[in-house]
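A.B. asks: Before I ask anything, here is the structure I am working with.
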Amino acid sequence: MKRMVAGILVMLTLLGMTGCAPLLERTYVTAEPHSSKFWESEAASTLRAENYQDVVNDLLLLIGQHTETATLRLYNFQDDMTVAETLEQATTEIQQETPMGAYAVEYITSSSQAQRGYYEIAVQISYRRTEEQIQNVVNATSTEALYTLLQTALDEGKTELAVRIGYWGENGTSRVAEAVTRVREERGLTQTPEWTIYYYPANGPVGMVEFFFQTQEDGAQDAGEQETP
765 MKRMVAGILV MLTLLGMTGC APLLERTYVT AEPHSSKFWE SEAASTLRAE NYQDVVNDLL
825 LLIGQHTETA TLRLYNFQDD MTVAETLEQA TTEIQQETPM GAYAVEYITS SSQAQRGYYE
885 IAVQISYRRT EEQIQNVVNA TSTEALYTLL QTALDEGKTE LAVRIGYWGE NGTSRVAEAV
945 TRVREERGLT QTPEWTIYYY PANGPVGMVE FFFQTQEDGA QDAGEQETP
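Structural data, given as structure tokens:
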């Protein structure tokens with residue numbers, strides 16, 4: 765009887781583990797020091813990828829850590845042309861369609877070399893944001909949190925704030941403007957220069973908002989869409 769109960773418990777445990785697996789799957793990854801899925805076990809500074817989405821996730825992982833140079837190993841890719849097309853498409857997606865890529869990256873270059881069983885890719889990333897700026901990006905579930913985040917930033921004497929938004933919504937831009945107007949009125953800042961706001965990516969669903977609390981004449985910001993409330 766004890767053996768039967770133990771066997772049932774083991775089966776339930778295994779079923780529970782497999783049943784939770786889909787809940788852990790995500791389209792993109794967050795920047796973590798090491799992950800058995802993306803890092804080569806025998807080369808701590810080398811990432812691996814077995815498909816297109818892995819390549820995108822690897823690059824986002826590097827960007828989240830402000831890594832300038834890195835090595836990727838691509839498995840299951842048929843030929844040089846497939847590798848080149850994958851890299852070009854992945855870098856374009858990151859810079860034009862992902863919030864962090866549009867916000868932080870100036871350009872990405874890469875070169876590939878065929879090895880036995882994989883392609884080794886040398887990647888170089890140039891940034892338009894500093895490591896400190898990337899680390900200071902704040903995560904929010906929705907635009908509803910912006911009012912409080914802006915108040916906190918002003919209390920801390922910051923001159924800029926970047927917020928990654930989990931859910932944007934149809935009226936996201938209007939909600940941003942409302943939060944800014946409310947904060948400026950409550951703080952008695954209506955006579956000061958308008959704050960500069962950028963949305964990332966500039967085209968497509970917004971995933972990040974950047975605020976400058978003084979007017980900035982900085983051409984490096986042109987990749988974002990500007991709006992002043």
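Going letter by letter, the sequence shown gives residues 765 to 993 in our numbering.
The beta-carbon is built from N, C-alpha and C at its ideal position, and this holds for glycine as well.
Being a predicted model, the structure only gives us computed values, none of them experimental.
(1) My understanding is that Leu826 touches Ile885, with C-beta atoms under 8 Å, so please give their C-beta distance in whole angstroms.
(2) How big is the Cα-Cα spacing for Leu914 and Leu925?
(3) Can the beta-carbon of Val869 be found less than 8 Å from the beta-carbon of Tyr891?
(4) Which value, in whole angstroms, describes the spacing of the CA atoms of Leu810 and Thr835?
(5) Can you check whether the CB of Glu852 is closer than 8 Å to the CB of Val820?
(6) Return helix, strand or coil for Arg892, following the three-state DSSP convention.
(7) What are the start and end residues of the alpha helix (DSSP H) that includes Ser938?
(8) Here's a check: name, in chain order, each residue in its chain whose Cβ is nearer than 6 Å to the Cβ of Arg951, leaving out the five neighbours to either side.
(9) Run through the DSSP bridge pairs and tell me what Phe976 is partnered with.
(10) What is the rounded straight-line gap between the Cα of Glu861 and the Cα of Gly921?
(11) Per DSSP, Ile929 forms a beta bridge with which residues?
(12) What do you get for Pro969, buried or exposed, if any count of 16 or more other CB atoms within 10 angstroms of its CB means buried?
C.D. replies: From the atom records:
(1) The residue given as residue 826 occupies position 62 in the sequence shown. The residue given as residue 885 occupies position 121 in the sequence shown. Their Cβ separation, rounded to whole angstroms, is 12 Å, which puts Leu826 and Ile885 out of contact at 8 Å.
(2) Position 150 of the sequence shown, counting from 1, holds the residue named residue 914. Position 161 of the sequence shown, counting from 1, holds the residue named residue 925. Those two C-alpha atoms are separated by around 8 Å.
(3) Reading the sequence shown from its first residue, position 105 is the one you call residue 869. Reading the sequence shown from its first residue, position 127 is the one you call residue 891. Taking 8 Å as the Cβ cut-off, Val869 and Tyr891 qualify as a contacting pair.
(4) Here residue 810 refers to the residue found at position 46 when the sequence shown is read from its first residue. Here residue 835 refers to the residue found at position 71 when the sequence shown is read from its first residue. Here residue 810 turns out to be Thr, not Leu, going by the sequence shown. When rounded, the distance between both Cα atoms is 5 Å.
(5) Numbered from its first residue, the sequence shown carries residue 820 at position 56. Numbered from its first residue, the sequence shown carries residue 852 at position 88. In this structure, Glu852 does not lie closer than 8 Å to Val820 by Cβ.
(6) Your numbering for residue 892 matches position 128 in the sequence shown. Note: Arg892 maps to coil in three-state DSSP.
(7) As a first step, residue 938 is located in the sequence shown; it is residue number 174 there, counting from the start. Where Ser938 is concerned, the enclosing alpha helix (DSSP H) stretches over Gly936 to Glu950.
(8) Mapped onto the sequence shown, residue 951 falls at position 187. Contacts found: none.
(9) Numbered from 1 along the sequence shown, position 212 holds the residue referred to as residue 976. Beta-bridge pairing links Phe976 to Glu924 and Thr960.
(10) The sequence position of residue 861 within the sequence shown is 97, counting from 1. The sequence position of residue 921 within the sequence shown is 157, counting from 1. The straight-line gap from Cα to Cα measures roughly 31 Å.
(11) Here residue 929 is taken as the residue at index 165 of the sequence shown, counted from 1. Beta-bridge pairing links Ile929 to Ala904.
(12) Within the sequence shown, residue 969 is the residue found at index 205, counting from 1. That one is exposed.
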